[in-house]
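Let me begin by presenting the structure, written as structure tokens, before commenting on it.
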Amino acid sequence: MSWLTLLVALLLSAAALAYVLWPLLRREAPPMLLENDRLTELLGRKDAVLRAIKDLEFDYQVGKVSEEDFHRFNQELRRQAIRLIQQIEQEAPQVTSLDERLEAEIARLRRTRADEASAPATISARYCTHCGHPLEADHRFCAHCGQPAALPETVHPG
1 MSWLTLLVAL LLSAAALAYV LWPLLRREAP PMLLENDRLT ELLGRKDAVL RAIKDLEFDY
61 QVGKVSEEDF HRFNQELRRQ AIRLIQQIEQ EAPQVTSLDE RLEAEIARLR RTRADEASAP
121 ATISARYCTH CGHPLEADHR FCAHCGQPAA LPETVHPG
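Quick note: the sequence shown, position 4, residue 4 per UniProt numbering, numbers continuous.
Listed below in structure tokens is the structure:
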């Protein structure tokens, strides 16, 4: 094996290793973090607290937790859940306003489509005068029999 081949193989290996290790060596925050990661964190914490309340209630019903401990832990977990819900409601208006804008745009589009649907429509019905095959609007000849197409007729529904 020549020195040149060995050098090329070594350079390619180093480049591949650098490519694989580069994301691990960067000190930046991961790119997949959401824009509103505070809200995401609060929602995750709320879900965890609600799960803990369910688990505590189950453990109390099974008899693993005394009544005194159940009431003490249950009150604390419920306080945490209320605090988290209040924090989520403070963070959520930005998300809600986006939802409201989206809903308004959808309603506007639905009104526009309803207005278009209620307007009188013109139906362009074209058929070959020779064989009766339906014709497209831009066809000059019948695709079925090859005869020249007649001028288009516009029919208004009554």
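Don't be surprised by glycine CBs; every beta carbon is placed ideally from N, CA and C. Quantities reported herein were computed from a predicted structural model and do not represent experimental measurements.
Residue environment, residue i, which counts as buried when at least 16 other CB atoms sit within 10 Å
i           : result
V20         : exposed
L33         : With a pLDDT of 49 at L33, under the threshold of 50, the predicted position of this residue should be treated as unreliable, though the coordinate-derived value follows. L33 should be labelled exposed.
residue 171 : Coverage of the chain is limited to positions 1 through 158, which leaves residue 171 absent and any answer about it impossible.
L4          : exposed
V65         : buried
L84         : buried
L135        : buried
Rounded Cβ spacing between residue i and residue j (contact assumed at less than 8 Å)
i    : j    : result
H144 : C131 : 5 Å
Counterpart residues of residue i in DSSP-defined beta bridges
i    : result
P23  : None, per the DSSP bridge assignment.
F141 : P148
Y127 : P134
Any 3 or more C-beta pairs closer than 8 Å across the stretch 74-86 and the stretch 47-62: The stretch 74-86 and the stretch 47-62 touch, with no fewer than 3 CB-CB distances between them shorter than 8 Å.
Would you check if the stretch 40-50 and the stretch 85-93 touch, i.e. whether three or more CB-CB distances between them fall below 8 Å? Yes, the stretch 85-93 touches the stretch 40-50.
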